[in-house]
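In this note's numbering, the protein residues as written are 1 to 258. In this text, a Cβ means the ideal position worked out from N, Cα and C, and glycines have one as well. What you are looking at is a predicted structure, and each value in this text was computed from that prediction instead of being measured.
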């Protein structure tokens, strides 16, 4: 397998190349949930994620962490909801329409909270401002601030998965106080539509076997992920459901990349 990195536009540039490429399994795109959220909040997507791509496998999934500066009085999910209902709380992310941005907006809708999004040019300055108290809270992947949490400069309040995370067994879920709430990170392998079904089955089986291997499980655990091992049908449903959720939220909250 040859990896060709084509960054830009939350993965849309590289994905467009795959959509236009051969349908023989030689041209695939490995993306994160960010591709799905970007497609959901943009009006000018150069492909139809539901028609031009076929999910081959979801390789792993994990929660976002919700963290506050160490000096914050917020210690539990209930504290967070109460504080964000009482007054607006600021949070930062690497941009509009990211999973981090949408996770907070989803919580606003579900819990009647007032998280105000402040877009940054990258996550690092948002981490700095959260530690300093300029921002009240931050939603992000574990890798974004694991060192700051370990040093005690930031404190984890909750995870955004519906169920407790094996990677963070002592951290409560937001769903414990906001039933049904879930906004997770995951990675997906896509093939262009038109790839033969038999080939898709082979790719799904092989990718799932690799995802279950000890080396891959260990790598995923470092990011707070666990392997998914979904069938083609299950992977397709996860992508479809996520796209539908984020597109509806973008319309409801008037969120757009354009």
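Counting C-beta pairs closer than 8 Å gives fewer than three between the region 41-53 and the region 207-216, which falls short of the contact rule. Assignment of beta-bridge partners to residue 33 by DSSP yields no partner. Looking at the backbone, the Cα of residue 74 and that of residue 30 are separated by about 37 Å.
Straight-line measurement puts the Cα of residue 126 at about 10 Å from the Cα of residue 144.
Less than 7 Å divides the Cβ of residue 192 from the Cβ of residue 23.
Restricting attention to 36, 19, 254, the CA atom closest to the CA of residue 241 is found in 36. Proximity of the region 150-167 to the region 114-125 falls short of the contact definition, fewer than three beta-carbon pairs being nearer than 8 Å. Residue 251 and residue 101 have their C-alpha atoms some 14 Å from each other.
Beyond the five residues adjoining it in sequence on each side, residue 161 comes within less than 7 Å, by CB distance, of 63, 173, 182, 184 in the same chain, given in chain order.
Residue nearest to residue 32 within the set 112, 21, 58 is 58 (criterion: CA-CA distance).
Each of 41, 34, 39, 14 was checked against the Cα of residue 28, and the nearest Cα belongs to 14.
With respect to residue 257, residue 132 sits apart: the two C-beta atoms are not nearer than 7 Å.
With fewer than 16 neighbouring CB atoms inside 10 Å of its own CB, residue 231 falls in the exposed class.
Note on geometry: alpha-carbon atoms of residue 226 and residue 207 lie some 14 Å from one another. The secondary-structure analysis by DSSP pairs residue 253 with nothing; it has no beta-bridge partner. Taking 4 residues as the minimum length, the alpha helix (DSSP H) runs contained wholly in the region 28-104 are 33-41, 77-86, in order along the chain. Membership of residue 185 in the beta strand (DSSP E) is indicated by the continuous run 184-192. One thing to note: residue 113 has its Cβ within 7 Å of the Cβ of residue 85.
In the structure shown, the three-state DSSP call for residue 179 is coil. Residue 61 is classed as buried because its beta carbon has at least 16 other beta carbons within 10 Å across all chains shown. Closest in C-alpha terms to residue 68, from the list 56, 26, 111, 146, comes 146. Under the 10 Å beta carbon count, residue 202 is surrounded by fewer than 16 other beta carbons and is classified as exposed. Residue pairing of residue 117 in beta bridges, as defined by DSSP: 91.
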